[in-house]
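Number of protein chains: 2
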Amino acid sequence: MIRRGLMQPYPLNVAMLCRRVESQFPDKTVTTRRQGRDTTITCRRLMQRSRQLADALRRAGVRPGDCVSTLMWNSQEHLEAYFAVPGIGAVLHTVNARLPADTIGALLDDTRPVAMLADASLLSTLRQVRLPSSLKLIVRVADGDPGNDERAAAIDYEGLLAGGSRAYEWPEIDEQAACGICHTSGTTGRSKGVVYSHRSTVLHAMSMLFADGIALSEHDVCLTVVPMFHAVGWGFPYACALAGASQALSWRQSDPQTLAGLIEQTGATLATAVPTVWINLLEQLRSGEIDAARLRSLTRLPIGGATVSSDLIDGYAQFGIRVQHCWGMTEVSPLGLVSTRRSWLSDESWSQRRLTPGVPLPGCELRVMTPQGTAAPAGSGAAGELQIRGPWVADAYLDPSAEDGRGGGDRFDTDSDGRRWLKTGDIAQIDSDGYVRIVDRAKDLIKSGGEWISSLELESALVQHPGVREAAVVGVPDSVWQERPVAFVSLVEDRDEAQLDLAGYLASRLPRWQIPERFIVLQELPRNNTGKLDKARLRELTRGDGRHGG
Amino acid sequence: MIRRGLMQPYPLNVAMLCRRVESQFPDKTVTTRRQGRDTTITCRRLMQRSRQLADALRRAGVRPGDCVSTLMWNSQEHLEAYFAVPGIGAVLHTVNARLPADTIGALLDDTRPVAMLADASLLSTLRQVRLPSSLKLIVRVADGDPGNDERAAAIDYEGLLAGGSRAYEWPEIDEQAACGICHTSGTTGRSKGVVYSHRSTVLHAMSMLFADGIALSEHDVCLTVVPMFHAVGWGFPYACALAGASQALSWRQSDPQTLAGLIEQTGATLATAVPTVWINLLEQLRSGEIDAARLRSLTRLPIGGATVSSDLIDGYAQFGIRVQHCWGMTEVSPLGLVSTRRSWLSDESWSQRRLTPGVPLPGCELRVMTPQGTAAPAGSGAAGELQIRGPWVADAYLDPSAEDGRGGGDRFDTDSDGRRWLKTGDIAQIDSDGYVRIVDRAKDLIKSGGEWISSLELESALVQHPGVREAAVVGVPDSVWQERPVAFVSLVEDRDEAQLDLAGYLASRLPRWQIPERFIVLQELPRNNTGKLDKARLRELTRGDGRHGG
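Each protein sequence line maps, in turn, to chains B and Z. According to our numbering, the first sequence is numbered sequentially starting from 75. According to our numbering, the second sequence is numbered sequentially starting from 75.
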C-alpha cells in the first residue's frame, strides 16, 4: 500500500511570491502616480522595503493571526503592506476608503486590528471612526496631503520602516493560514468579511497566468485602477508578483487624463477598472481629447463589476484594445469566469457569446440550481441560481461572534457528496458551449404578473442603444402587476432624449410586457461607495409617484 | 486572532481534471494511431470509459493505496488508466516498456502492484518477468498484435470495462494521496521510484498553462510522442485535461512519416519528443520527403531530455515552428525550466540564451551549491550543483524496505530554514537574467590535469558544427592527465568525415586543453532503454586502446 505521495511539503504562501519577485525580477518596477507626484521604484527596492515593514511590524508587536487594517488608495506602500503583513503571518484587512465612518467602525469591530496603515489624506475620515480597543498602532502614509497629525498615536510610515531590517527573512507560513480579509460590497444588508488563505491567494494568482484567461505574463505592465481595497484589487497585485509583471498604481485617481498619462509613461499593456472608467476614457479617445497614440502599449482591458456593452468592446477594438469581460465576487478571490473565445466557435457564435462573462477558469466548477432545487443538466440552458466551488472560493463569512468564527451559513451549500458550494445570488444559464449568461441578481428580479422580468436583461438591451451610455432598471410596486420595471439611463454626449424612442427600440427586442413603464434620463447614474450602481437610491427616486402606488 | 482562512476545502486531485474535461470539453478528441489502425473518440466517451475502468478495477478488488502498473505504449487506453487508477485512489505505476525483463521485475518488486494493464504486443516481454505475488490481475489491451494469450490470468481490457458502470462517481481523494509512480531512468545505478501526489500532479498541470512557459491552451491539439511511461509523458496528458486540449497519441511509433501523418490528421499544434525524433523529422522536411504543408498546424515543439542545437531551432524556425527547450527530471513531475524570452532581453542577449534550458516556472525555486557548500549569490554566474524546490518536486524516493517508505536521503537536502531541496546532479550556472546554463551532469565531468572539462559543453560545441548530427563525449583514463575527453559523433547525411576538421572547429571556440583526444564517427550513437545516450557503451568502445591505458 502506498498511501501518500513523496513530494516536498511546499506551502503555497505569499512569501513564495516575494522570493520569486526578488530572485527573478528585481529590475521590474512599481510606479505610483499621486496628484502632482510620481514615484517609481524597482522590485528589488520594493521587496527590501516590504521586508523592512514586516520586521518593523513584528518589532511593534504584531503577531501571527493578528489583523492589520489598511485605509489606503492604490500605491507602492499599499503593495508593500500586501507582502509584509501576510509575510509575517498577520492578516491584511483592506478597508474601503469610500465608506462612511460608522461603517468603517463596524468593519473594524469584525476584524479587531492591532495596527492600521492609513493614507494621510484619509486621516480626517479615520478621526470620525470609533476605533476598536485592539488597535495599538496607527501609521500615517504620506500621500501629498498635509493630513492631520493631531491623532497623537499616528506615526510616520517611513519612520516605521527605518526601524525594520531589509535582511528580514520571510518565515514559512502554513498555506491554510489566514492571509487577507476583504468585506463584500454589502449592497444588501451588512458587509460580510471574506477570509482568504495563503493557499487560495496563490492558487488564484496562478489562475491569472493561464493562457486561456487573463494570460498575465512577465511581458505585461499592469495598471491597477480598481481599488486595492476591493477584492484584493481583483487579484492583480499578487498575480503580477507571480508573473513578474511591472505594476502601475494610480492612487485614488481614475480620470481619463491621469490614466492615459500613466499608461503612456509606464507602457502599461493591461489596465483594470469598472466599465464607467473605460466609458469615460473611450469618450475622450473618440473625441480626440486623448490621442490614441498615447495608449499604444495597451493591448487589453480586463473589465469586471458590471455589464459590458458591445459599444465598449467595439469602441476599444477600433483602437486595437481587447476588452476582456470578467466575472467575480469578493467571495471568489475574486475571479471565476473570463470571457475567452473557445476554439470551436464560429465568428457568429462568438459574437453572441462575447457579451457574457465567459467560461470558468480551470479550477472553478459551476452548477445552476433550478427553482425546483435540483442541479440543471450540463448544457441544458436552464436558469437558476449560479453556484461555484473551487480552491479559491469562500466557505464561510467571518463571524467574530461565532465560536468557530464562521458565519453566513445560508449562503453556502453542501451537496450529497459532501462538496461545498457558494451560492452566488446570481441567476444564470450555462449554454452547451460552457458560456455563462447572468440573467440577474436574484434580488434584482422584477416579479410582474406572475412572471419574472430580468432587470439585467433590460439593462443589457438598453446599453446596446447607440444613444445610451449607462442604464439601470429597478422594480417599483404596482397595484395591478405587483411590480413593474422603471429604467434610468444616462446618455452619450450630445444625444437628444426626444429622439431616442427607447420603448420602440426595446419593443423590437423584448416581449411587450417587459418594456419598462417609464424611462428617466439622468446626467449620471448614482453609485454607492464601491462604485456599483445604487439601486436603492434609484428606487427612492421613483417614489411619490401615484401611478405606481401599491 | 484570525488564524485560518475560511476558504473551501477543495482538494487538488485527478478527479477535478476529469470533471473539467467532462463538463467543459466533451467534444474534444483523443486520437490513437497504431500500426494500420486509427482510433478517435470524444472526451465524453473517454471519460465514460475511464469511469467504467475505475468501477471495474474497484469491483476487481483494487483498493485505495493499491498500485496498478501499466506496460503500455501511448494510447487512449493508457490515458484512461491515467484517469481511472488515481481516480479511485489507487496508484498508477507506468513501467518503461523498453526495459529488460529482469529490470521490470525489480521495479514491480518496488511497487508490488495488485493489477497490471499490458499492451498485447508486450505480453511476450511480460512473460519473461518474474512477477510479484501481489499481482492478482493482468489485463490485455488489444493493440493490433495477436499477442500471446497463453497466460491464463490475462483478461481482455474491453471485457473488463464492460463490467464497470459509466455512471461511476469519482470519490474526493485527499490531495496528499499518492497518485502515480515513475522510475528514474537510472543511468547510474538502480532506477528509483518517484511517488507523485494528486496535489503535485495538478499543480504541475497548472504550471503548463502559464502564459510564460508552455502556455497550453484549449486551442491546442497536443501530440505526445514522449512515452507515457516516461515522467508522466512529461506531464502533457494531465495538463491537456486541465486546459481542455485534444490529444493525439502515436502508440510506440516515432518515425517522421507516422508523426507527420498524425499531425496532419489531427491538426496538432504542439508535439513532444526527445531531440532525435525531431532531428529525423527535420531531415525529411529539408529533403522534401515530407511536405511542410502537412505540418501547417504545428506551432511549437517543447523539447526536453537532451541538449538542443541551434541548427534544430533555426531549422524548424524556417518552417514557422518554434522549438521550446525544456528542462526536467522525473523527480520534478517533470518540468522545472522552460526557455522563454524575457521581456528585457535584446535580440543578441536572447540569441545567447535560447540554447539554455531557460528560466524557472512560477512555483520552482533554484539555487546553485558551489563546491564550497554554500549557495552561490543570485546572478553571480558561479557554477555548482543545481538544486530545486517547489510543490511538484520530489522529497524522497520510494524505498519499500524503509519503515516510512522513504529512501534516497543523500539526494535531498534540508537548508538552515528547514526547507527541502532536491539535488539535481546537474552542474549549472544561473546568470543575472535568470537563465540556467547546465554545465554538466556531475558524473559526466572529466577531470583533466586538475581542471574540469565539461562533456556537455563539448557536445554543445560539436552539434553547432553544420556537419554534425549528434555528439557525445566521454572521459577515458589517461596516464598523464588522469582523464581525457573522447568525442563520438554521427554526421548529417552525405557529409564526408575527412572534411569536417572537428578539432580545428573546436579550437576556435574552446581552450586547447579541452579539445578531445580523438573523434570517432558512428552511424548512430548508442542509446539506452529510455532513449538517452548510452555513455557506458561509449566508454566500452574506447577500451582496449593502449594510448589511453592507465
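C-beta: ideal position from N, C-alpha, C; glycine also.
Using 8 angstroms as the limit for Cβ to Cβ distance, is residue i near chain B?
i	result
Q327 (chain Z)	no
I512 (chain Z)	no
M190 (chain Z)	no
M403 (chain Z)	no
L297 (chain Z)	no
P311 (chain Z)	no
P551 (chain Z)	no
V142 (chain Z)	no
List the endpoints of the continuous beta strand (DSSP E) containing residue i.
i	result
E627 (chain Z)	An answer regarding residue 627 (chain Z) cannot be provided, because it is not within the stretch 75 to 624 covered by chain Z.
I512 (chain Z)	V510 to R515
A345 (chain Z)	L344 to T346
C296 (chain Z)	V295 to T298
R592 (chain B)	R592 to V595
L205 (chain B)	It is not in any beta strand (DSSP E) - L205 (chain B) carries neither H nor E in the DSSP assignment.
P330 (chain B)	Segment P330 to T340 is the alpha helix (DSSP H) holding P330 (chain B); no beta strand (DSSP E) there.
Would you mind stating whether residue i and residue j have Cβ atoms separated by less than 8 angstroms?
i	j	result
L641 (chain Z)	A502 (chain Z)	One cannot answer for residue 641 (chain Z) here, as it falls past the ends of chain Z, which runs 75 to 624.
E151 (chain B)	M121 (chain B)	no
L173 (chain Z)	A155 (chain Z)	no
S420 (chain B)	H399 (chain B)	no
Q358 (chain Z)	V467 (chain B)	no
L235 (chain B)	L127 (chain B)	yes
R427 (chain Z)	I387 (chain Z)	no
I353 (chain Z)	L372 (chain Z)	no
V299 (chain Z)	A345 (chain Z)	yes
G549 (chain B)	R569 (chain B)	no
T332 (chain B)	G254 (chain B)	no
L182 (chain B)	S143 (chain B)	yes
T340 (chain Z)	L297 (chain Z)	yes
If we count the other Cβ atoms within 10 Å of its Cβ and call it buried at 16 or more, is residue i buried or exposed?
i	result
D101 (chain Z)	exposed
I337 (chain Z)	buried
V188 (chain Z)	buried
S475 (chain Z)	exposed
T343 (chain B)	buried
E567 (chain Z)	exposed
D491 (chain B)	exposed
S198 (chain Z)	exposed
K266 (chain B)	buried
E439 (chain B)	buried
T448 (chain Z)	exposed
G163 (chain Z)	buried
Confirm the yes/no value for this check: CB of residue i, any heavy atom of the ligand FMN, distance under 7 angstroms.
i	result
Y390 (chain B)	No copy of the ligand FMN occurs in the structure displayed, which carries no ligand at all.
Along the chain, where does the alpha helix (DSSP H) containing residue i start, and where does it finish?
i	result
P311 (chain Z)	F310 to A317
D184 (chain Z)	A175 to T185
Q398 (chain B)	Note, Q398 (chain B): premise wrong, no alpha helix (DSSP H); beta strand (DSSP E) at R396 to G402.
Y242 (chain B)	Note, Y242 (chain B): premise wrong, no alpha helix (DSSP H); not H, not E.
Y156 (chain Z)	Q150 to G161
W495 (chain B)	No alpha helix (DSSP H) contains W495 (chain B), which is instead part of the beta strand (DSSP E) from R494 to I504.
K521 (chain Z)	Premise fails: K521 (chain Z) lies in the beta strand (DSSP E), L519 to S522, not in any alpha helix (DSSP H).
Quick check on residue i - is its C-beta less than 8 angstroms from some C-beta in chain Z?
i	result
H65 (chain B)	Examination of residue 65 (chain B) is not possible in this model, given that chain B is present from 75 through 624 alone.
M75 (chain B)	yes
F284 (chain B)	yes
G161 (chain B)	no
E246 (chain B)	yes
V442 (chain B)	no
S417 (chain B)	yes
L369 (chain B)	no
Quick check: is the beta carbon of residue i nearer than 8 angstroms to any beta carbon in chain D?
i	result
A317 (chain Z)	Structure shown: chain D not included; protein chains present are B and Z.
Inset, instruction - Would you check if the stretch 134-144 of chain Z and the stretch 109-119 of chain Z touch, i.e. whether three or more CB-CB distances between them fall below 8 angstroms? - result: no
Inset, instruction - Indicate whether the contact test is met: 3 or more Cβ pairs, each with one atom in the stretch 248-261 of chain Z and one in the stretch 599-607 of chain Z, closer than 8 angstroms. - result: yes
Inset, instruction - Report yes or no: do three or more beta-carbon pairs, one from the stretch 319-327 of chain B and one from the stretch 307-323 of chain Z, lie closer than 8 angstroms? - result: no
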